[in-house]
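Chemist: Let me give you the structure first, and then I'll get to my questions.
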Amino acid sequence: LTNLCANALYAMKETGGLLEVTLSSFTLGALHRHEFPNLVTVDYLRAGTRSRFVRLSVRDTGCGMDADTLQRIFEPFFTTKPSGEGTGMGLPVVHGIVTSLGGAISAESQPGKGTTFHVVLPLAPEIPPSPSATAAPAVTNGARILFVDDDITVATLGERILLSAGYRPTVSTNSRQALDLFAREPAAFDLVITDQVMPEMSGIELSKALLEIRPNLPILLCTGFTSNLNLEDARASGIREIVAKPVERYELVMAIERALQCQPELNPLNPA
């Protein structure tokens, strides 16, 4: 796609124009040879072994090509660009990638009217959901969870996951502010999920401070740096669960439920 778009931009560099990229899907019967007179390979289409395809089209309103040039564009080292501006390998490489994926590529063009490339690829079959994705336990108690992560993107994603699982999350992107929030009303939360590497206070430091306020508080540490984590410090700080990022919904829900039920599995990736 990058190569096709780069060629389109080059064709319009003198006069400007419109670059249009579209994607559509179709069944085998919807693809007719007369639609693509320059289609490079259709053997796999005639075989009829796949019924669904996607078509990626890249259209420009640039200088276009004559018929003789159009017939040679997929030849290695063929180029219409001045010396030093092109190798003549861009479109042959695109052709090789497309055909290696069981696809086909065609082009249509007229001088002064622009060019359109069509890439046809077999549509990947639908992947059934994994058992873990469908087996996540239903949460009915609506546990109140304080979610702490200095990365706003992670915090937002965590909030969405918790809401979708039936929990009631409160999100904080600052560890000290989270501590102040908890200190004002310790009974307002059933569990805390915290990142480890954060400015001002680490997850372990925050956990120790929270447990000084409420010693029986379930805490779950969610981190992307498990190799640098001291498990003894984690145990000493009272953390019940450690989950490695990126975390899936099922894994997070199971860890939360274990922590709430006081059945910790401190580090499932590297059991002590």
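Counting in the numbering used here, the final residue of the sequence shown is number 321, and the numbers go up one at a time with none missing. Just so you know, even glycine gets a beta-carbon here, dropped at the ideal spot from N, CA and C.
#1: Just curious, the alpha helix (DSSP H) that Pro141 is in, first and last residue?
#2: Measure the alpha-carbon distance for Tyr216 versus Gly191 and round it to whole angstroms.
#3: DSSP puts Val70 in a beta bridge; with which residues?
#4: Which class does Phe238 belong to by DSSP, given the choice of helix, strand or coil?
#5: Tell me which residue opens and which closes the alpha helix (DSSP H) that Gly166 is part of.
#6: Examine the Cβ distances between the region 192-201 and the region 139-146 and report whether three or more of them are shorter than 8 Å.
#7: In angstroms with no decimal places, state the Cα-to-Cα distance between Gln310 and Glu249.
#8: Contact defined as beta carbons within less than 8 Å: I believe Leu240 pairs with Ile305. What is the distance between those atoms, to the nearest angstrom?
#9: State the start and end residues of the unbroken beta strand (DSSP E) segment that holds Ile194.
#10: Under a Cβ-count criterion, where at least 16 other Cβ atoms within 10 Å of its own Cβ denotes burial, should Val107 be classed as buried or exposed?
#11: Determine, using beta carbons only, whether Leu270 and Ala285 come nearer to each other than 8 Å.
#12: Nearest-angstrom Cα distance between Ala156 and Phe166?
#13: If Asp109 and Gly163 are in contact, beta carbons under 8 Å, what's the gap, nearest whole angstrom?
#14: Going straight from the alpha carbon of Val89 to that of Thr64, what length do you get?
#15: Ser155 lies in the beta strand (DSSP E); which residues open and close that run?
#16: Would you give the residue range spanned by the beta strand (DSSP E) that Val292 belongs to?
#17: Using a 10 Å radius around the Cβ and a threshold of 16 neighbouring Cβ atoms, would you call Pro86 buried or exposed?
#18: In or out: Thr202 buried (at least 16 other Cβ within 10 Å) or exposed?
#19: Tell me the DSSP secondary structure of Asp92 in three-state form.
#20: Applying the 10 Å Cβ sphere with the 16-neighbour rule, what's the burial state of Asn56?
#21: Run through DSSP, which three-state label would Leu211 get?
#22: Among Leu50, Tyr59, Thr128, Ala60, whose alpha-carbon lies nearest the alpha-carbon of Arg104?
#23: Could you tell me the boundaries of the beta strand (DSSP E) in which Thr32 lies?
#24: For the beta strand (DSSP E) containing Cys271, name the first residue and the last one.
#25: Less than 6 Å between C-beta atoms, sequence neighbours within five positions excluded: which residues of the same chain meet that for Ala187?
Modeler: Working from what's here:
#1: The residue you call residue 141 lines up with position 92 of the sequence shown. Start and end: 139-149.
#2: Within the sequence shown, numbered from 1, the residue matching residue 216 stands at position 167. Within the sequence shown, numbered from 1, the residue matching residue 191 stands at position 142. Straight-line Cα distance between these residues: approximately 4 Å.
#3: Start at 1 with the first residue of the sequence shown, and residue 70 comes out as number 21. According to DSSP, which records beta bridges pairwise, Val70 is partnered with Val107.
#4: As a position in the sequence shown, residue 238 is number 189, starting the count at 1. If DSSP states are grouped into helix, strand and coil, Phe238 belongs with coil.
#5: Here the question's residue 166 lines up with position 117 in the sequence shown. In the sequence as presented, Gly is not what sits at residue 166; that position holds Phe. First-last for Phe166: 163-171, but that is the beta strand (DSSP E), not the alpha helix (DSSP H).
#6: no
#7: Taking the first residue of the sequence shown as position 1, residue 310 is located at position 261. Taking the first residue of the sequence shown as position 1, residue 249 is located at position 200. Taking the straight line from one Cα to the other gives about 31 Å.
#8: Translated into positions along the sequence shown, residue 240 becomes position 191. Translated into positions along the sequence shown, residue 305 becomes position 256. Correct: roughly 6 Å between the Cβ atoms.
#9: Against the sequence shown, residue 194 aligns to sequence position 145. Where Ile194 is concerned, the enclosing beta strand (DSSP E) stretches over 193-197.
#10: Here residue 107 refers to the residue found at position 58 when the sequence shown is read from its first residue. Val107 is buried by the Cβ-count criterion.
#11: Translated into the one-based positions of the sequence shown, residue 270 becomes position 221. Translated into the one-based positions of the sequence shown, residue 285 becomes position 236. Taking 8 Å as the Cβ cut-off, Leu270 and Ala285 do not qualify as a contacting pair.
#12: Position 107 of the sequence shown, counted from the start, is the residue given in the question as residue 156. Position 117 of the sequence shown, counted from the start, is the residue given in the question as residue 166. If I take the Cα positions, the gap works out to 4 Å.
#13: The sequence position of residue 109 within the sequence shown is 60, counting from 1. The sequence position of residue 163 within the sequence shown is 114, counting from 1. Right, their Cβ atoms sit about 5 Å apart.
#14: The residue labelled residue 89 in the question sits at position 40 within the sequence shown. The residue labelled residue 64 in the question sits at position 15 within the sequence shown. Confidence is the limiting factor: at Val89 the pLDDT is only 40, short of 50, which leaves the residue's position unreliable, though a coordinate-based value still follows. Looking at the two C-alpha atoms, the distance is approximately 30 Å.
#15: Residue numbering aside, residue 155 sits at position 106 when the sequence shown is read from its first letter. First-last of the beta strand (DSSP E) with Ser155: 153-159.
#16: Sequence index remark: in the sequence shown, residue 292 carries index 243 (1-based). Per DSSP, Val292 belongs to the beta strand (DSSP E) from 290-293.
#17: As a first step, residue 86 must be located in the sequence shown, where it is residue number 37. Confidence at Pro86 is low in this model, with a pLDDT of 44, below 50, so the placement of that residue is unreliable and no value is reported for it.
#18: Walking along the sequence shown from the start, residue 202 turns up at place 153. With fewer than 16 other Cβ atoms within 10 Å, it is exposed.
#19: Translated into the one-based positions of the sequence shown, residue 92 becomes position 43. Because Asp92 sits at a pLDDT of 47, beneath the cut-off of 50, its placement in the model cannot be relied upon, and the point is left open.
#20: For this step, residue 56 is matched to residue 7 along the sequence shown. It is buried - the Cβ of Asn56 has at least 16 other Cβ atoms within 10 Å.
#21: By 1-based counting over the sequence shown, the position of residue 211 is 162. Three-state DSSP puts Leu211 in a helix.
#22: Looking up residue 104 in the sequence shown gives position 55. Of the candidates Leu50, Tyr59, Thr128, Ala60, the one whose C-alpha sits nearest the C-alpha of Arg104 is Leu50.
#23: The chain is shown only over 50 to 321; residue 32 falls outside these bounds and no answer can be derived.
#24: Position 222 of the sequence shown, counted from the first residue, corresponds to residue 271. Its beta strand (DSSP E) spans residues 268-272.
#25: Mapped onto the sequence shown, residue 187 falls at position 138. Note that Ala187 has pLDDT 49, beneath the 50 cutoff, so the model's placement of it is unreliable and no number is given.
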